[in-house]
Amino acid sequence: MNMELSRRQFLRTAGAGIAGTSLGAFGFGGVEEALADAIRPFRLTNTTEVRNTCTYCSVACGILIFSKGDLKKGEKAEITHIEGDVDHPTNRGTLCPKGAALLDIVHSKTRLQYPMMRKAGSDKFERVSWDVALDRVARVLKDDRDKNFIAKNNDGVTVNRWVTTGFLAASATTNEAAWCTYKVVRSAGMLVFDNQARV
Ligand code: SF4
Numbered sequence: 001m002n003m004e005l006s007r008r009q010f011l012r013t014a015g016a017g018i019a020g021t022s023l024g025a026f027g028f029g030g031v032e033e034a035l036a037d038a039i040r041p042f043r044l045t046n047t048t049e050v051r052n053t054c055t056y057c058s059v060a061c062g063i064l065i066f067s068k069g070d071l072k073k074g075e076k077a078e079i080t081h082i083e084g085d086v087d088h089p090t091n092r093g094t095l096c097p098k099g100a101a102l103l104d105i106v107h108s109k110t111r112l113q114y115p116m117m118r119k120a121g122s123d124k125f126e127r128v129s130w131d132v133a134l135d136r137v138a139r140v141l142k143d144d145r146d147k148n149f150i151a152k153n154n155d156g157v158t159v160n161r162w163v164t165t166g167f168l169a170a171s172a173t174t175n176e177a178a179w180c181t182y183k184v185v186r187s188a189g190m191l192v193f194d195n196q197a198r199v
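Counting in UniProt numbering, the sequence shown runs from 1 upward without gaps.
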């Protein structure tokens, strides 16, 4: 949804601004608050609004993300505001402090945006492609499982355990993705399995 500011709305807001500032200078303090209230509905003017889900924990609160920049015109979209979705049944517009800080997280310079790998013997992480990262993960998982898989315990009972590797799953996945994750992890024999939502 693109929010446009009509000429009439702009003139009304600008007029309120001039009047409010002038009256405020004469000591009518409440006028400035009224001015802020008048402007607030337009703070997201000319932004594009999309619905999304906070990825921080399994509560999965609904959020509204506002961005500036028209992709259809070849412009780069920049996220300018994030708030709770009042229509979402889980959070009804509220957000916890982590959710309320989402805008800072999106723009954080330290945010990880691509796979990084520290090669053996190196003291620094380097950017690698997803193919390299996934091949590497698959390789070390396979090697570790081949080496440490326990098919039977000391009493000869079949246990099919793999306890030298653990799996920490994401919390904001769909039920279907969580089901697939569970099946893959457990069918590989992995016992150490946890989820970030427990934090
Ligand atoms: S981290 Fe906070 S805002 Fe995000 S889903 Fe969890 S409770 Fe909701």
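Cβ coordinates follow ideal geometry from the N, Cα and C atoms, glycine included.
Asked, Found
"Residue 146, buried or exposed, once every other Cβ within 10 Å from all chains shown has been counted against 16", "exposed"
"One or two residues paired with residue 50 in a DSSP bridge", "65"
"Inter-residue spacing [alpha-carbon to alpha-carbon] between residue 62 and residue 125", "34 Å"
"Coarse secondary structure for residue 92, derived from DSSP in three states", "coil"
"Limits of the alpha helix (DSSP H) - the one that residue 163 falls within", "Segment 158-169 is the beta strand (DSSP E) holding residue 163; no alpha helix (DSSP H) there."
"Sub-8 Å separation of residue 66 and residue 53 beta-carbons", "no"
"Contact test: residue 86 Cβ vs ligand 1 heavy atom, cutoff 7 Å", "no"
"Near ligand 1: residue 180 beta-carbon under 7 Å from a heavy atom", "no"
"Cα-Cα separation, residue 76 to residue 100", "24 Å"
"First and last residue of the uninterrupted alpha helix (DSSP H) at residue 75", "Note, residue 75: premise wrong, no alpha helix (DSSP H); not H, not E."
"Best match in 192, 33, 133, 49 for proximity to residue 71 [C-alpha to C-alpha]", "49"
"Among 110, 167, 127, 46, nearest to residue 188 - alpha-carbon criterion", "167"
"Contact test: residue 74 Cβ vs ligand 1 heavy atom, cutoff 7 Å", "no"
"Residues that DSSP places opposite residue 105 in a beta bridge", "Paired residue(s): none; residue 105 is not in a bridge."
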